[in-house]
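S.K.: Residues in the sequence shown are numbered from 15 upward in steps of one, following our numbering.
Glycine included, C-beta positions come from ideal geometry on N, C-alpha and C.
These numbers were taken from a predicted model, which means no experiment stands behind them.
Got a structure for you, questions after.
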Amino acid sequence: MKVIDRVTLQYMKRNKGRTWVTILGAVISVAMLSAVIVIVCSAQDMLLRHTIESGGQWETRFFGVAADKAAGAGKSEEVASYGISTVGKYASYPGGEATNKPYLYVSGETNFDIFNTQIREGRLPQTDTEMIVSESFNLKNPDACAIGSRITASFGKRMSEQDGEKFELGTNYSYGGYDETFEVEEQKEYTIVGIFEAPDKEVEAFGAYRAMYGLDEKALPGNGTYEVTVDYNNYKRLGNKIYTISRELGDTLGASDIKYNTGLLGYSGISNDSSFMTMIYMLAAVVGIIILIGSISLIYNAFSISIAERSRTFGMLSSVGATRQQKRHSVFFEAACVGAVAIPLGLAAGIAGMAVTFKIINPVFREWMQNDLGLEVSLSWGGIAVIILFSALVLLISAWIPSRHASRVSALEALRQSREYKITAKSVRTSKLTRLVFGFEGELGLKNLKRNKSHYRTTVFSLTVSVLLFMTAYTFSAYVRKSNDMIQAPLSYDINVSMSDDADAMDRLSEELMGLKGAGSAVAVKKLRGEVELPADMVGSELAAVYPEENGKYNISVQLLAMDDASLRSYMQEQGIAEEALTGDGLNGILINRINFKKGHEFAELDLLNGVKTGDILDFHVTDGLKDLAEDDLKLAAVSGGKTPFGDKYVTDVYSVQVIVSMEALDKICEMLPEPKYFVTENVYYTMGENENLEDEIRTICNKYRDVSSRVNSVAAEQKEVMNGVIIISVFLYGFVALIALVSMANIMNTISTGMQLRRREFAMLQSVGMTPKGFRKMLTMEGLFYGIKGLVYGLPISIFVIWGMHRILVSNVSFSFYVPAGALIGAVAGVFILVGVTMVYGRRKARAGSIVEVLKDENA
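Below, the structure written as structure tokens:
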């Protein structure tokens with residue numbers, strides 16, 4: 015070992031406190047970087063596992079492959095496994111015509127594992143007469159899906175007609191959106207041998223449930239083309255070569271088209287469209303730059319203090335012949351020693367910290383993602399290399415400038431210490447007000463700060479960064495929670511069941527749902543949309559802005575609402591409307607005219623129609639866009655200024671007027687319609703009660719009604735999902751801020767305490783000329799006060815400006831007035847003065863160790 019290196023090691027051992035503070039700062043920096051890389055790698059890994067679980071592990075699919083070439087994929091050395099599929103076809107099934115999914119989408123498969131087909135019941139098909147059906151088909155058709163039962167599939171085409179010309183409806187056309195017919199071409203009978211789950215397979219075709227039968231690779235019918243799906247050997251190793259290999263294999267197979275598994279490849283870092291990974295890497299780079307700034311600030315300051323402390327040493331080395339290169343080498347050697355300890359410790363701390371974090375948040379994360387996959391610690395060798403190189407770069411940059419300063423110290427300057435402080439009377443001048451307010455000791459403390467601006471600026475910068483990070487993190491979390499509360503506020507129910515299609519079946523389903531026990535409350539509502547023609551002076555401004563005016567009149571959309579008897583009576587009593595108001599012949603209704611309307615930041619009560627009163631008659635009609643299908647005089651039995659007992663507490667958009675009618679009156683209108691299912695929908699709204707399994711029971715009942723398209727929307731579950739997201743974001747946000755704050759705190763403590771160590775002779779001199787312990791404490795207290803005030807003077811305005819920008823971004827979606835949480839202000843102010851105060855007390859105790867005479871005699875003090 016070189017002499018200069020031994021001298022450096024001896025210095026580091028003699029100043030263990032400063033050395034360990036520097037190492038701690040470097041450890042935290044490396045740990046933060048490791049955490050960021052682990053989060054990126056683990057998120058990629060989780061998304062990759064989710065992609066494989068949903069759709070299997072395959073990279074490329076070839077279309078239009080002839081039967082005699084399909085098996086050729088297995089001859090490629092790069093292919094680990096492959097599967098051959100027939101082109102999917104629509105097939106009708108017995109009883110399907112009465113449902114909202116009247117078809118099966120059927121294909122033959124040679125390899126079910128490549129798509130990660132999970133058998134929930136039964137087994138995989140082995141021949142082309144055995145079939146497995148999707149779990150969703152089994153839920154709606156439990157009797158037809160019994161293992162061993164036989165099902166007849168009528169294969170054909172979905173056809174529609176436009177302008178006298180027929181055209182085929184493909185897999186992208188939803189059912190019910192077109193006037194379609196099904197033209198049967200052939201029939202086949204299958205034995206159901208299993209029920210499967212493969213999420214990606216189940217959404218390949220609209221209007222159909224998924225089904226698959228066995229296919230023998232050695233006996234492929236030669237009258238059609240096939241799809242070949244391949245999984246390559248160690249595809250990650252191939253990288254972007256996959257695209258070249260796939261094109262070559264496609265030419266060999268004679269494929270007409272190639273499709274890549276962009277999800278799996280993208281999450282593996284392989285993509286010819288790298289926008290997703292670019293976004294991820296850019297986010298990581300932004301966080302990395304923040305870490306870089308904080309880390310360099312701390313470590314550079316530590317090395318600068320080291321140079322100041324060792325100035326005499328460098329001078330003596332110069333006097334005995336040490337070159338500039340050797341003095342620079344001393345600083346870089348110190349950085350290398352710090353890195354040798356800090357990088358392994360920081361890497362281990364970052365990985366361990368994220369492992370603990372993932373374990374804590376995984377239950378919430380799984381619920382948020384709605385799957386069983388959680389975050390697992392994942393870190394590639396490339397990620398480890400990035401961490402090591404980045405950490406080494408931080409240490410190199412931090413040591414570079416101090417090493418240049420060290421190399422320029424001459425023997426004479428070092429022994430005289432003339433480079434340490436270069437001041438003029440003007441540079442340390444203070445106002446008379448300072449002495450008047452803070453006394454002589456306060457003025458002296460301020461002069462000390464002005465005298466050494468390097469330490470002063472570093473400390474103020476660290477305090478400013480700490481204030482900024484704390485306040486933005488605290489406010490961001492508060493804003494997210496407030497936004498969530500505002501978004502969720504309008505809904506006054508916990509579960510909403512919406513129904514459409516067959517009108518009679520909807521009535522039966524609604525009746526059964528209303529019979530469920532254990533709900534807090536339940537309201538059944540049947541809805542029918544129609545129109546009324548009104549003169550322009552009757553239409554409120556919000557509605558007039560939506561509809562076009564024709565000949566001084568507006569055709570306004572009207573929604574008739576019919577509630578169950580109990581809910582209707584309760585509502586009428588609450589609004590003070592007589593129960594007889596909706597009885598009698600004709601169409602009598604209660605107009606909900608006044609609503610609570612939210613526009614921008616303001617809430618206001620708004621009348622939708624002007625000048626309406628009880629007894630007015632409106633011409634109500636239902637139209638298909640070409641002609642009226644049903645019409646009746648709508649008599650306003652009452653005009654209500656209250657809300658419905660379900661739905662929104664306020665509205666942000668106005669498109670129609672709501673009128674409450676009796677169930678009998680609405681049914682009479684429905685009887686006039688040729689196809690009520692196209693105009694009528696039903697809802698059942700619940701609030702939660704004692705039954706914790708209410709949602710599961712609702713879904714079980716809905717699944718029994720195959721001829722009703724139903725959707726169960728759990729508002730409580732959605733609110734919990736959003737809050738889980740907020741919790742996860744907050745955990746990572748506060749964790750990151752805590753680590754950055756630790757770097758800033760270490761920087762502040764290192765700067766102040768070491769600076770006070772370097773001023774021991776100065777303190778001893780002040781005490782020798784009569785400064786009392788009380789005056790000494792007051793001087794240091796004033797220094798700490800000035801540090802804190804200056805940090806807050808910079809930190810608070812910058813933080814408020816950043817918070818304002820954050821508020822401007824959020825209010826583009828959710829409107830609320832700008833505010834700064836009181837907790838953020840109190841926490842920032844208290845935290846700054848507590849941190850500075852504790853550091854000053856610690857530094858003062860270390861600085862006053864030893865007698866005045868001994869300190870004055872110690873030239874290294």
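Sort out for me which residues DSSP pairs residue 76 with in a bridge.
M.R.: DSSP, once it has assigned bridges, lists 242, 272 as partnering residue 76.
S.K.: Among 711, 209, 710, which has the Cα closest to the Cα of residue 133?
M.R.: Closest by alpha carbon: 209.
S.K.: Kindly list the residues whose CB is nearer than 6 Å to the CB of residue 396, restricted to its own chain and excluding five residues on each side of it in sequence; keep chain order.
M.R.: Same-chain partners within the cutoff: there are none.
S.K.: For residue 223 versus residue 180, is the C-beta spacing smaller than 9 Å?
M.R.: Not in contact: residue 223 and residue 180 (Cβ atoms no closer than 9 Å).
S.K.: Exposed or buried, which one is residue 454 when buried takes at least 16 other CB atoms within 10 Å?
M.R.: The residue is exposed, with fewer than 16 neighbouring Cβ atoms inside 10 Å.
S.K.: Report the residue from 654, 369, 590 whose alpha carbon sits nearest the alpha carbon of residue 620.
M.R.: The candidate whose alpha carbon is nearest that of residue 620 is 654.
S.K.: Using 9 Å as the threshold, is the C-beta distance between residue 801 and residue 840 below it?
M.R.: No; because the gap between Cβ atoms is not below 9 Å, this pair is not in contact.
S.K.: Looking only at its own chain, which residues have a Cβ that is under 7 Å from the Cβ of residue 816, when we skip the five neighbours before and after it?
M.R.: Excluding residues within five positions, the ones whose Cβ falls inside 7 Å are 482, 486.
S.K.: Using 10 angstroms around the beta-carbon of residue 72, count the other beta-carbons present and answer buried if the total reaches 16, otherwise exposed.
M.R.: With 16 or more Cβ atoms within 10 Å of its Cβ, residue 72 is classed as buried.
S.K.: Jot down the residue ranges of each uninterrupted alpha helix (DSSP H) in the region 532-589, minimum 4 residues, whole runs only, in chain order.
M.R.: Qualifying alpha helix (DSSP H) stretches, in chain order: 555-558, 579-589.
S.K.: Take residue 347 and list the residues in its own chain whose beta-carbon comes closer than 7 Å to its own, dropping the five residues that flank it on each side.
M.R.: Excluding sequence neighbours, residue 347 sits near 19, 22.
S.K.: Can you tell me whether residue 686 is buried or exposed, with buried defined as 16 or more other CB within 10 angstroms of its CB?
M.R.: By the neighbour-count rule (16 or more Cβ atoms within 10 Å), residue 686 is not buried but exposed.
S.K.: Please state the DSSP three-state secondary structure of residue 34.
M.R.: Looking at residue 34 - three-state DSSP - the assignment turns out to be helix.
S.K.: So, residue 225 versus residue 148, is the Cβ gap smaller than 9 Å?
M.R.: Yes, these two residues count as a Cβ contact at 9 Å.
S.K.: Please work out which residues of its chain come closer than 8 Å, Cβ to Cβ, to residue 173, disregarding the five sequence neighbours upstream and downstream, and give them in chain order.
M.R.: So the qualifying residues of the chain are 180, 181, 182, 183, 194, 195, 196, 197.
S.K.: Could you check if residue 669 is buried or exposed, using at least 16 other CB atoms within 10 Å of its CB as the buried criterion?
M.R.: Exposed.
S.K.: Look up residue 671 in the DSSP assignment and give the residues it is bridged to.
M.R.: For residue 671, which the question treats as bridged, DSSP gives the partners 572.
S.K.: Let me confirm a value: residue 115 is counted as buried when at least 16 other C-beta atoms fall within 10 Å, else exposed. Which label applies?
M.R.: Its Cβ being crowded by 16 or more others within 10 Å, residue 115 is buried.
S.K.: Do residue 480 and residue 846 have their C-beta atoms within less than 9 Å of each other?
M.R.: Yes.
S.K.: Apart from the five residues just before and just after residue 715, which ones in its own chain have a Cβ nearer than 8 Å to its Cβ?
M.R.: Once the five neighbours on either side are set aside, the close Cβ partners of residue 715 are 523, 526, 527, 530.
S.K.: With residue 689 as the anchor, note down where its beta strand (DSSP E) starts and where it stops.
M.R.: Element bounds for residue 689: n/a, residue is neither H nor E.
S.K.: Can you find the residues in the same chain that come closer than 6 Å, C-beta to C-beta, to residue 503, ignoring five residues on each side of it along the sequence?
M.R.: Its pLDDT being 48, under 50, residue 503 is placed unreliably in this model, and the coordinates cannot settle the point.
S.K.: Relative to the alpha-carbon of residue 410, which residue among 709, 151, 87, 40 has its alpha-carbon at the smallest distance?
M.R.: It is 40 whose Cα lies nearest to the Cα of residue 410.
S.K.: Check each candidate in 717, 637, 256 and name the one with the smallest Cα separation from residue 157.
M.R.: Nearest C-alpha to residue 157: 717.
S.K.: What did DSSP end up calling residue 212 once you bin it into helix, strand or coil?
M.R.: Coil at residue 212, not helix or strand.
S.K.: Taking the straight line between their C-alpha atoms, what separation do you get for residue 337 and residue 365?
M.R.: Looking at the two C-alpha atoms, the distance is approximately 42 Å.
S.K.: Residue 138 and residue 228: beta carbons closer than 9 Å?
M.R.: For residue 138 and residue 228, yes; Cβs fall inside 9 Å.
S.K.: For residue 330, collect the residues of the same chain with a Cβ closer than 6 Å to its Cβ; drop the 5 residues on either side in sequence, then sort them by chain order.
M.R.: So no residue of the chain qualifies.
S.K.: Would the region 202-221 count as touching the region 247-256 if we require 3 or more Cβ pairs under 8 Å?
M.R.: These segments do not touch.
S.K.: Kindly list the residues whose CB is nearer than 8 Å to the CB of residue 88, restricted to its own chain and excluding five residues on each side of it in sequence; keep chain order.
M.R.: Once the five neighbours on either side are set aside, the close Cβ partners of residue 88 are 96.
S.K.: Are three or more beta carbon pairs between the region 67-81 and the region 341-355 nearer than 8 Å?
M.R.: With a cut-off of 8 Å, the region 341-355 and the region 67-81 do not count as touching, because too few Cβ pairs lie within range.
S.K.: By the 10 Å Cβ neighbour count, where 16 or more other Cβ atoms means buried, how is residue 314 classified, buried or exposed?
M.R.: Buried, because 16 or more other Cβ atoms sit within 10 Å of the Cβ of residue 314.
S.K.: Do residue 876 and residue 49 have their CB atoms nearer than 9 Å?
M.R.: A query on residue 876 cannot be resolved here, the shown segment of the chain reaching from 15 to 875 and no further.
S.K.: With burial defined as no fewer than 16 other Cβ atoms inside 10 Å of the residue's Cβ, what is the status of residue 720: buried or exposed?
M.R.: The residue is buried, with at least 16 neighbouring Cβ atoms inside 10 Å.
S.K.: When DSSP labels each residue in this structure, what does residue 82 get in the three-state scheme?
M.R.: Helix at residue 82.
S.K.: Sort out for me which residues DSSP pairs residue 608 with in a bridge.
M.R.: In DSSP, residue 608 forms a bridge with 621.
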